[in-house]
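In UniProt numbering, the protein residues as written are 1 to 216.
Step one of this worksheet: look at the structure below.
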DNA sequence: CCCTGATTCGC
DNA sequence: GCGAATCAGG
């Protein structure tokens, strides 16, 4: 596997979201945890609370005997990374063209800390695909969305779940009353927030989200 | 043992 | 640039 732009992009996002190297490696597939770490460092992504820090370590691939890498003291641990939040994965609610209706089983949901519904394990959608950072455009007033929630209508009480994509004429936001404490309404919370499953149990084959990563 | 990220270094 | 090997720490 090679580091395509898409994969690098995904690496950056996942790493930024606080996923561990092996988790990222699993997601990406075809690469090892080491590969991920190596790439992350090469990219300049840096310093996440590492277990090994104080002590100096790692002699290279060759069993070089004594040459304890100096590096006396690495100062400053900047990057006060904002705790790996639950990742408000703004999954593009894309107009699901190829709606894949899986097994219609009775769904049992539990209620999360914020009062939102957790997804049942069975309805875990594979890739948490945060909407690729799209450039915001000046919400264009359109007769079509005159009665919909536009960018300018957003406030801290309405669901900010985007519907459609910025730039598109009918782009707007959900606008329903929010689930207190969250930026989305109850139903969108249950889409945006997922309980993290044990890595082993996670669905591996991530079907590309509607059309896949944005093509520039 | 498992896991983590960091580092080195041959390729 | 890549990533296996190796490290040290939880």
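C-beta: ideal position from N, C-alpha, C; glycine also.
With H, G and I counted as helix, E and B as strand and the rest as coil, what does DSSP make of residue 2? Looking up residue 2 in the first chain gives position 2. Residue state, collapsed to three classes: coil.
Anticipated Cβ contact below 8 Å, residue 33 with residue 21, distance rounded: Translated into positions along the first chain, residue 33 becomes position 33. Translated into positions along the first chain, residue 21 becomes position 21. Correct: roughly 5 Å between the Cβ atoms.
Measuring straight from C-alpha to C-alpha, what distance separates residue 15 and residue 153? Residue mapping note: residue 15 aligns to position 15 of the first chain, counting from 1. Residue mapping note: residue 153 aligns to position 153 of the first chain, counting from 1. Using only the alpha carbons, I get a separation of about 33 Å.
Beta carbon of residue 181, beta carbon of residue 159: below 8 Å? The residue labelled residue 181 in the question sits at position 181 within the first chain. The residue labelled residue 159 in the question sits at position 159 within the first chain. Cβ atoms of residue 181 and residue 159: not closer than 8 Å.
Kindly indicate the opening and closing residues of the alpha helix (DSSP H) around residue 34. Position 34 of the first chain, counting from 1, holds the residue named residue 34. Segment 33 to 43, the alpha helix (DSSP H) holding residue 34.
Name the two residues that bound the continuous alpha helix (DSSP H) containing residue 23. Numbered from 1 along the first chain, position 23 holds the residue referred to as residue 23. 21 to 28 is the extent of the alpha helix (DSSP H) around residue 23.
How should residue 157 be labelled, buried or exposed, when 16 other C-beta atoms within 10 angstroms of its C-beta is the threshold for buried? On the first chain, position 157 is the one that residue 157 refers to. Its Cβ having fewer than 16 others within 10 Å, residue 157 is exposed.
Are the beta-carbon atoms belonging to residue 177 and residue 189 less than 8 Å from one another? The count along the first chain starts at 1 and reaches residue 177 at position 177. The count along the first chain starts at 1 and reaches residue 189 at position 189. Not a contact, by the Cβ cut-off of 8 Å.
Measuring straight from C-alpha to C-alpha, what distance separates residue 18 and residue 39? Along the first chain, read from residue 1 onward, the residue named residue 18 stands at position 18. Along the first chain, read from residue 1 onward, the residue named residue 39 stands at position 39. For residue 18 and residue 39, the distance between alpha carbons rounds to 15 Å.
Quick one: give me the first and last residue of the alpha helix (DSSP H) that residue 190 is part of. If you number the first chain from 1, residue 190 lands on position 190. Run containing residue 190: 186 to 192, per the alpha helix (DSSP H) assignment.
Let me confirm a value: residue 43 is counted as buried when at least 16 other C-beta atoms fall within 10 Å, else exposed. Which label applies? Within the first chain, residue 43 is the residue found at index 43, counting from 1. Counting Cβ neighbours within 10 Å, residue 43 comes out exposed, since fewer than 16 surround it.
Cα separation between residue 28 and residue 3? The residue you call residue 28 lines up with position 28 of the first chain. The residue you call residue 3 lines up with position 3 of the first chain. Their Cα atoms are separated by approximately 10 Å.
Compute the Euclidean distance between the alpha carbons of residue 192 and residue 25, then round it to the nearest angstrom. Here residue 192 corresponds to residue number 192 of the first chain, with the count starting at 1. Here residue 25 corresponds to residue number 25 of the first chain, with the count starting at 1. Using only the alpha carbons, I get a separation of about 22 Å.
Beta-bridge partners of residue 172, as assigned by DSSP: Counting from one through the first chain, the residue named residue 172 turns up at place 172. Per DSSP, 163.
Within its chain, find whatever has a CB closer than 6 Å to the CB of residue 183; leave out the 5 residues flanking it on each side and keep chain order. One-based indexing of the first chain puts residue 183 at position 183. Closer than 6 Å at Cβ, skipping near neighbours: 160.
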